[in-house]
Amino acid sequence: MKKTRKRAFTCGLDAAIAVMGGKWKGLILFALQDGPLRFGELRRAVPGISERVLILQLREMEATGLLHREVYHQVPPKVEYSLTDFGHSLNTAMAALGEWGEEHIERIEAIDWDQVG
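The numbering of the sequence shown is the UniProt record's numbering, which starts it at 1 and goes up by one.
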């Protein structure tokens, strides 16, 4: 039997970042906000993501309950990804962060990222 690994968090932000951490999950959530997409559609909706990284991110998001993977048994096989209620709730929470980014996008784009970190 597989042992379940539990994790404690210092605050709600710590917990939220653990679920959606990284660059790609937020963009995948955004792409799925209007409804289910197939793998190829997701790949086109998230520019710059490699096929391998997309596969890994989708698996993690399914494991954490952010999205649902529906397999249609047909020829050729069809798989669709959609947000769960949990995923929709995270998208709603991230909306304010996206608005902040839009409001400050010029300032953020002007940052010399080679000097950061």
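All residues carry an ideal CB built from backbone N, CA and C; glycine is no exception.
All of these numbers come straight from a predicted model, not from anything done at the bench.
Under the DSSP definition of a beta bridge, which residues are partnered with residue i?
i, result
"residue 82", "68"
"residue 37", "81"
Closest by CA to residue i, which one among the options?
i, options, result
"residue 66", "55, 81, 54, 76", "81"
"residue 32", "98, 73, 88", "88"
"residue 36", "44, 11, 68", "68"
"residue 76", "102, 109, 38", "38"
Residue i lies in the alpha helix (DSSP H); which residues open and close that run?
i, result
"residue 57", "51 to 63"
"residue 25", "23 to 31"
"residue 19", "12 to 20"
"residue 108", "105 to 109"
Does the separation of the CB atoms of residue i and residue j fall below 8 Å?
i, j, result
"residue 19", "residue 84", "no"
"residue 46", "residue 58", "no"
"residue 61", "residue 28", "yes"
"residue 101", "residue 108", "yes"
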